[in-house]
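Residue numbers (the working numbering): 59 to 199. Here is the structure we will look at, set down as structure tokens.
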């Protein structure tokens, strides 16, 4: 994710940002490609899913049937990118209000002084099961 903060002065007050009204870029690397996931030199196993399903249908009489199904999906070797330069403490809460019912919702924004670290760091992917507190996901129903 890249970002760029610029100033805007609406000189003709039309609420449309023209090129001549936008200030210079604060991020020289904005718009340039960069590799956000660096491969582990020891190699990572590829992510994959295993899905199993079973369905059965039985006709009770003409025009009436009953059916049932079961499925299970396991997600294995999921990758998690952990940026070591950014921590949870680098975010601050912002309260916004739902336009539907006015409910207050807390969202988190990255502190201004940490944004350069976010866009220029090289996070290392790791298998999610190697991260403390993570589990391999599976679901069935």
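Beta carbons: idealized from backbone N, C-alpha and C, even for Gly.
Taking only the alpha-carbon atoms, compute the straight-line gap between residue 192 and residue 79 and give it to the nearest angstrom.
-> For the purposes of this step, residue 192 is taken as the residue at position 134 of the chain shown. For the purposes of this step, residue 79 is taken as the residue at position 21 of the chain shown. Interpretation of residue 192 is limited by its pLDDT of 47, a score under 50 that renders its predicted location unreliable; no figure is taken from the coordinates.
Nearest CA to the CA of residue 85: which residue from 104, 62, 126?
-> Residue numbering aside, residue 85 sits at position 27 when the chain shown is read from its first letter. The option with the nearest alpha carbon to residue 85 is 62.
Measure the alpha-carbon distance for residue 152 versus residue 125 and round it to whole angstroms.
-> As a first step, residue 152 must be located in the chain shown, where it is residue number 94. As a first step, residue 125 must be located in the chain shown, where it is residue number 67. Each residue's alpha carbon lies about 48 Å from the other.
Taking C-alpha atoms, which residue in 170, 175, 106, 75 lies nearest to residue 135?
-> Along the chain shown, one-based indexing puts residue 135 at 77. Here the closest residue by C-alpha is 106.
Which value, in whole angstroms, describes the spacing of the CA atoms of residue 88 and residue 64?
-> Numbered from 1 along the chain shown, position 30 holds the residue referred to as residue 88. Numbered from 1 along the chain shown, position 6 holds the residue referred to as residue 64. Each residue's alpha carbon lies about 12 Å from the other.
Own chain, CB closer than 6 Å to residue 110, minus 5 neighbours either side, in chain order | Translated into positions along the chain shown, residue 110 becomes position 52. If we look at residue 110 and ignore the five residues flanking it on each side, its Cβ neighbours are 130.
Could you please give me the residues that DSSP links to residue 111 through a beta bridge?
-> Position 53 of the chain shown, counted from the first residue, corresponds to residue 111. Looking at the DSSP assignment, residue 111 forms a beta bridge with 129.
Delimiting residues of the beta strand (DSSP E) encompassing residue 167 | Working through the chain shown from its first residue, we reach residue 167 at position 109. Start and end: 162-168.
Which first and last residues belong to the beta strand (DSSP E) in which residue 153 is found?
-> To locate residue 153, count along the chain shown from 1; it is residue 95. It spans 149-155 - the beta strand (DSSP E) in which residue 153 sits, taken as one unbroken run.
Beta bridge counterpart(s) of residue 80 as assigned by DSSP = One-based indexing of the chain shown puts residue 80 at position 22. 66, per the DSSP bridge assignment.
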